[in-house]
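Undergrad: Numbering (the working numbering), first residue to last: 359 to 748. Heads up, the beta-carbon is just placed ideally off N, CA and C, and yes, glycines get one too.
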């Protein structure tokens with residue numbers, strides 16, 4: 359699916375003061391980029407490698423990938439055009455499905471007819487690279503790096519970044535012989551950070567070498583990046599292999615600027631708490647890259663818990679027609695709000711002998727973040743003030 363950029367606005371009711379102060383704050387918390395998708399459930403393990411002397415029949419071959427992508431593109435465009443939540447369930451799973459279902463709900467509440475508004479503009483997949491483990495066991499996985507294109511001269515959705523050097527990393531999963539190929543993870547990347555897959559002559563991915571000593575054990579990467587993002591969100595400190603540019607890349611991906619959101623909330627007399635952790639069950643998948651590096655894809659769940667900074671304050675949620683992200687919560691006045699969301703990340707973990715462009719830390723090379731539907735406790739006592747729009 360295709361996520362666009364939106365501004366989410368919330369008002370904060372402040373207690374009356376001698377100055378009768380008013381407050382409005384518009385939260386452009388996050389640069390929301392929704393990748394074109396097709397999703398499916400993913401096991402939390404490295405895709406199985408069964409290459410060896412006695413090869414059994416593989417579940418998928420390199421020659422089949424273009425047709426799988428074509429089918430996924432057609433179904434995805436139909437779902438995007440009609441905002442079909444059941445349709446997305448046929449081609450997606452896991453966090454990709456959770457993000458797209460939430461976005462479809464917000465779009466419908468905002469009065470949209472499609473993900474691009476009144477007139478739907480389709481976009482199509484073009485394969486730029488893939489990593490296909492030779493496997494005869496289910497669930498079967500493969501990774502397709504796909505560029506997005508839209509019809510010539512169309513006002514193509516900005517968030518999809520079509521006709522550029524951007525790409526989406528689609529992790530496809532097939533759970534049984536009779537199931538569809540679905541997309542489970544779909545972070546964006548771009549030309550400067552696109553991974554280089556390690557591929558054998560037959561087109562399958564090279565087996566992961568368990569003897570390769572990586573900079574960080576693969577099992578530690580999701581928790582490490584969750585902690586780094588939470589530290590950045592609450593304090594503004596960059597740690598754990600992150601860089602400030604990860605939150606405002608010049609390509610088509612960036613991570614939510616959690617610190618910007620956190621400070622905006624505080625400036626609006628809201629007392630926020632932020633928690634970020636790997637999703638459970640784990641959806642980690644890994645794919646071999648050139649020079650011994652490994653690409654790891656996984657999801658993090660974040661939650662902003664919000665309360666007015668004063669006992670008599672309230673959070674005033676206002677909806678705005680045409681702004682899907684203002685519909686994460688019904689309009690009203692709340693004593694507390696919980697705003698969850700998901701970030702799908704792509705991280706390269708290098709071997710100790712390789713120095714990446716940033717450092718010897720694992721490097722974030724792609725992301726896709728979005729909000730889920732929020733929940734709140736209605737305020738029982740509200741101080742009335744007038745609001746001034748941004």
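Between residue 646 and residue 528, what straight-line distance do the alpha-carbon atoms span, to the nearest angstrom?
TA: So the alpha carbons of these two residues sit roughly 15 Å apart.
Undergrad: For residue 751, name the three-state secondary structure that DSSP assigns.
TA: Because the chain here runs from 359 to 748, residue 751 falls outside it and cannot be looked at.
Undergrad: Leaving aside the five residues before and after residue 719 along the sequence, list all residues of the same chain whose C-beta is less than 6 Å from its C-beta, in chain order.
TA: Result list for residue 719: 599, in chain order.
Undergrad: Use the C-beta contact count for residue 438: other C-beta atoms within 10 angstroms, 16 or more gives buried, fewer gives exposed.
TA: Residue 438 comes out buried.
Undergrad: Use the C-beta contact count for residue 560: other C-beta atoms within 10 angstroms, 16 or more gives buried, fewer gives exposed.
TA: Exposed, by the Cβ-count rule.
Undergrad: Return the CA-CA distance between residue 690 and residue 674, expressed in angstroms with no decimal places.
TA: Approximately 6 Å, taken between the alpha carbons.
Undergrad: What do you get for residue 480, buried or exposed, if any count of 16 or more other CB atoms within 10 angstroms of its CB means buried?
TA: Residue 480 is buried by the Cβ-count criterion.
Undergrad: If you reduce the DSSP assignment to three classes, tell me which class residue 591 lands in.
TA: In this structure, residue 591 counts as helix in the three-state DSSP scheme.
Undergrad: Rounded to a whole number of angstroms, what is the C-alpha to C-alpha distance between residue 665 and residue 533?
TA: Roughly 42 Å separates the two Cα atoms.
Undergrad: So residue 441 packs on residue 477, CB below 8 Å; how close in whole Å?
TA: Not quite, the Cβ-Cβ distance comes to about 14 Å (not below 8 Å), so this is no contact.
Undergrad: Rounded to whole angstroms, what is the Cα-Cα separation between residue 705 and residue 509?
TA: The alpha-carbon atoms of residue 705 and residue 509 are separated by roughly 32 Å.
Undergrad: Is the region 535 to 552 touching the region 642 to 662, taking contact as three or more C-beta pairs under 8 Å?
TA: Counting Cβ pairs under 8 Å, three or more are found: they touch.
Undergrad: Under a Cβ-count criterion, where at least 16 other Cβ atoms within 10 Å of its own Cβ denotes burial, should residue 387 be classed as buried or exposed?
TA: Note on residue 387: pLDDT 30, under 50, position unreliable in the model; the coordinate value appears next. It is buried - the Cβ of residue 387 has at least 16 other Cβ atoms within 10 Å.
Undergrad: So what does residue 544 bridge to, in DSSP terms?
TA: The partner list for residue 544 (beta bridge, DSSP) is empty, contrary to what the question assumes.
Undergrad: DSSP on residue 622, reduced to helix/strand/coil?
TA: Helix at residue 622.
Undergrad: Looking at the secondary structure, which residues open and close the alpha helix (DSSP H) in which residue 424 lies?
TA: It spans 423 to 440 - the alpha helix (DSSP H) in which residue 424 sits, taken as one unbroken run.
Undergrad: Among 661, 734, 426 and 484, whose alpha-carbon lies nearest the alpha-carbon of residue 537?
TA: Closest option to residue 537, Cα to Cα, is 426.
Undergrad: In the DSSP assignment, what residue or residues form a beta bridge with residue 636?
TA: DSSP output for residue 636 lists 658 as bridge partner(s).
Undergrad: What residues in its chain sit with their C-beta under 6 Å from that of residue 572, if we drop five residues either side in the sequence?
TA: Only 707 and 709 meet the Cβ criterion.
Undergrad: By Cβ distance below 8 Å, which residues in the same chain neighbour residue 486 in space, the five residues on each side in sequence not counted?
TA: For residue 486, where only same-chain residues beyond five positions count, the Cβ hits under 8 Å are 503, 504, 505, 525 and 552.
Undergrad: Are there 16 or more other CB atoms within 10 angstroms of the CB of residue 734, so buried, or fewer, so exposed?
TA: Per the 10 Å Cβ criterion, buried.
Undergrad: My output table needs one value for residue 476: the three-state DSSP class, helix, strand or coil.
TA: Looking at residue 476 - three-state DSSP - the assignment turns out to be coil, as it is neither helix nor strand.
Undergrad: What are the residues that DSSP puts in a beta bridge with residue 526?
TA: 504 and 546.
Undergrad: With a cut-off of 8 Å on the beta carbons, I'd call residue 632 and residue 660 a contact; round off their distance for me.
TA: Right, their Cβ atoms sit about 7 Å apart.
Undergrad: Compute the Euclidean distance between the alpha carbons of residue 621 and residue 736, then round it to the nearest angstrom.
TA: Cα-Cα distance, rounded: 24 Å.
Undergrad: What does a CB cutoff of less than 8 Å around residue 399 pick up in its chain, not counting 5 residues either side in sequence?
TA: Since pLDDT at residue 399 reaches only 30, below the 50 mark, its modelled position is unreliable, and the value read off the structure follows with that caveat. Cβ within range, chain order: 451, 452, 497, 531, 533, 540 and 542.
Undergrad: Need the endpoints of the beta strand (DSSP E) that residue 734 sits in, please.
TA: Note, residue 734: beta strand (DSSP E), 733 to 736.
Undergrad: For the beta strand (DSSP E) that residue 644 lies in, which residues bound it at each end?
TA: Note, residue 644: beta strand (DSSP E), 643 to 646.
Undergrad: Whole angstroms is fine: what's the gap from residue 499's alpha carbon to residue 602's?
TA: Cα to Cα, residue 499 sits roughly 32 Å from residue 602.
Undergrad: With DSSP as the reference, label residue 482 as helix, strand or coil.
TA: Reduced to three states, the DSSP call for residue 482 is strand.
Undergrad: Since residue 447 is in the alpha helix (DSSP H), which residue starts that stretch and which ends it?
TA: Here the alpha helix (DSSP H) through residue 447 covers 443 to 449.
Undergrad: Put residue 534 into one of helix, strand or coil per three-state DSSP.
TA: Residue 534 falls in the coil class under three-state DSSP.
Undergrad: For residue 461 and residue 728, which I take to be in contact (beta-carbon distance under 8 Å), what is that distance rounded to the nearest angstrom?
TA: Right, the Cβ-Cβ distance comes to about 6 Å (below 8 Å), so this counts as a contact.
Undergrad: Checking 8 Å against the spacing of the C-beta atoms, do residue 722 and residue 604 come in under that value?
TA: Against a cut-off of 8 Å, the Cβ pair of residue 604 and residue 722 comes out as a contact.
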